[in-house]
Amino acid sequence: MTRYKELDPLLHSQLRLAVMSVLMNSESAEFTFIKEQTGATAGNLSIQITKLKEAGYIKVQKKFRGNYPQTLCRITQLGRERFEAYVDSLRDYIK
Amino acid sequence: MENNEKIMSSEESLKIISDMINRTKTNIREASFHLLFWGWLIVVCSLSEYLLYTLTSMENPWLAWLLTIPGVFVSLIYGFVKGSKQTVYTYADRLYMWSWLGFLFAAIILFVFLGFEKRMYAVGPYILMLAAFPTFLSGVIIKFRPLIFGGISIWILSLVCFFAGPSIGPLAVPAAMITGYLIPGYMIKNNGFKNDTV
Numbered sequence: 000m001t002r003y004k005e006l007d008p009l010l011h012s013q014l015r016l017a018v019m020s021v022l023m024n025s026e027s028a029e030f031t032f033i034k035e036q037t038g039a040t041a042g043n044l045s046i047q048i049t050k051l052k053e054a055g056y057i058k059v060q061k062k063f064r065g066n067y068p069q070t071l072c073r074i075t076q077l078g079r080e081r082f083e084a085y086v087d088s089l090r091d092y093i094k
Numbered sequence: 000m001e002n003n004e005k006i007m008s009s010e011e012s013l014k015i016i017s018d019m020i021n022r023t024k025t026n027i028r029e030a031s032f033h034l035l036f037w038g039w040l041i042v043v044c045s046l047s048e049y050l051l052y053t054l055t056s057m058e059n060p061w062l063a064w065l066l067t068i069p070g071v072f073v074s075l076i077y078g079f080v081k082g083s084k085q086t087v088y089t090y091a092d093r094l095y096m097w098s099w100l101g102f103l104f105a106a107i108i109l110f111v112f113l114g115f116e117k118r119m120y121a122v123g124p125y126i127l128m129l130a131a132f133p134t135f136l137s138g139v140i141i142k143f144r145p146l147i148f149g150g151i152s153i154w155i156l157s158l159v160c161f162f163a164g165p166s167i168g169p170l171a172v173p174a175a176m177i178t179g180y181l182i183p184g185y186m187i188k189n190n191g192f193k194n195d196t197v
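Residue numbers (numbering that gives the first Met the number 0), protein chains in the order written: chain C, 0 to 94; chain B, 0 to 197.
Encoded structure:
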């Protein structure tokens, strides 16, 4: 019997997975860009980003561009490894 | 994307991943500005030099190339303003930017060498040889064949420029700008190109 790897519960969620996918392909992305791409509300996105940050999957940096606050997100090495492991597990499920 | 704790199938997960990665592909439509700006600027400089050389007795027709100095500032300011408004920065963006800045550094060194040796009239084939590389590399990064072929055409025309002699050779420069910068530049501008076209 095939033993399936358990899917990372932190990544196995629509919005968090979408955020991680955006960040996997970017060096950095602004909160507004992620919100635009995922179609999420600011509140919900903020909660999910905090969860990913607390798990050490992403880094969040607050800056100012002119007079406007800017939130920049970047994926960490741990986040990258977990994302790759998640994709590997998905492949096993599909096989 | 609100119901984020809903149980997903493997297929749904993969679809989310692929959708999001597609959305963050480098959009280099802005790059058409640099291709068109430099394409036209070099066409003007090289044709001016050629006409000054063939129709007048001017001692230093290469002075027409001095127009590229304000061109560098226009390009850098445009890049800085656009970059400061960018909300996502991909690895391809970084590679794209540095390949062109690398070309700029190499071109400055070339101008210093040739200026020092008082051989500025011979700049054509060398500048083309250098310019072909970021053009070719940019085409590979964004998977856009007209830019890849544009880079190759510039390399070929640098040979023409070098070997064809002073009467025809200089015309290889504007020809290279048309095939290497202007044609791909207008294709990108008019099609709103994203790097998933190839």
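Beta carbons are placed, not taken as given, at the ideal position from N, Cα and C, and that holds for glycine. Predicted, not measured: the structure shown is a model, and the values here were computed from it.
Quick one: residues in its chain with C-beta nearer than 7 Å to the C-beta of residue i, no 5 flanking neighbours on either side, listed in chain order?
| i | result |
| --- | --- |
| Gly184/B | Ser31, Leu34, Leu35, Gly38 |
| Ser47/B | Ala63 |
| Ile140/B | Ala91, Leu94, Tyr95 |
| Val57/B | According to the sequence displayed, residue 57/B carries Met and not Val. Once the five neighbours on either side are set aside, the close Cβ partners of Met57/B are Leu51. |
| Leu10/C | Leu16, Met19, Arg81, Phe82, Tyr85 |
| Ala54/C | Leu9 |
| Val172/B | Ile41, Ser45, Gly123, Leu127, Cys160 |
Output needed for residue i: all residues of its chain with C-beta closer than 6 Å, excluding positions within five of it in sequence on either side, in chain order.
| i | result |
| --- | --- |
| Phe161/B | Pro124 |
| Met186/B | Pro145 |
| Gln109/C | Coverage of chain C is limited to positions 0 through 94, which leaves residue 109/C absent and any answer about it impossible. |
| Leu100/B | none |
| Lys188/B | Ser31 |
Whole angstroms are fine: how far does the CA of residue j sit from the CA of residue i?
| i | j | result |
| --- | --- | --- |
| Gly82/B | Val21/C | 19 Å |
| Gly38/C | Gly138/B | 31 Å |
| Val73/B | Met96/B | 15 Å |
| Lys4/C | Phe82/C | 14 Å |
| Leu40/B | Leu66/B | 8 Å |
| Ala174/B | Trp154/B | 12 Å |
| Ala63/B | Val43/B | 8 Å |
| Ile33/C | Ile93/C | 28 Å |
| Ser45/B | Asn190/B | 29 Å |
| Pro133/B | Ser98/B | 5 Å |
| Gly114/B | Ala105/B | 14 Å |
| Asn2/B | Leu136/B | Per-residue confidence for Asn2/B stands at a pLDDT of 47, beneath the threshold of 50, marking its modelled position as unreliable; the derived number appears in the next sentence. The alpha-carbon atoms of Asn2/B and Leu136/B are separated by roughly 42 Å. |
| Ile151/B | Ile126/B | 14 Å |
| Val87/B | Met128/B | 32 Å |
| Asp87/C | Asn24/C | 17 Å |
| Asp18/B | Trp61/B | 51 Å |
| Ala131/B | Gln85/B | 27 Å |
| Ile170/B | Tyr180/B | Contrary to the premise, residue 170/B reads as Leu rather than Ile in this sequence. For Leu170/B and Tyr180/B, the distance between alpha carbons rounds to 15 Å. |
| Gly65/C | Lys14/B | 37 Å |
| Phe63/C | Ile16/B | 30 Å |
| Pro69/B | Val80/B | 17 Å |
Apart from the five residues on each side of it in sequence, which residues of its chain come closer than 8 Å, Cβ to Cβ, to residue i?
| i | result |
| --- | --- |
| Met0/C | Annotation note: pLDDT 47 at Met0/C (below 50); position unreliable, coordinate value reported separately. Counting only Cβ-Cβ distances below 8 Å, and skipping sequence neighbours, we find nothing. |
| Ile57/C | Val18, Met19, Leu22, Ile48, Leu51, Cys72, Arg73, Ile74, Thr75, Gly78 |
| Leu14/C | Thr37, Ala39, Asn43, Leu44, Gln47 |
| Leu103/B | Val71 |
| Ile182/B | Pro145, Gly149 |
| Gly78/B | His33, Met96 |
| Lys117/B | none |
| Pro165/B | Tyr52 |
What does DSSP give as the partner residues of residue i in its beta bridges?
| i | result |
| --- | --- |
| Gln60/C | Leu71/C |
| Ala28/C | Cys72/C, Val87/B |
Could you say if the segment 88-96 of chain B and the segment 52-60 of chain B meet the contact criterion of at least three C-beta pairs nearer than 8 Å?
no
Can you list, in chain order, the stretches of the beta strand (DSSP E) that have 3 or more residues and sit fully within the segment 82-123 of chain B?
87-89
Any contact between the segment 68-83 of chain C and the segment 27-47 of chain C? By contact I mean 3 or more CB pairs, one from each, below 8 Å.
yes
Length at least 4, wholly inside the segment 1-74 of chain B: the alpha helix (DSSP H) runs in chain order
9-22, 30-54
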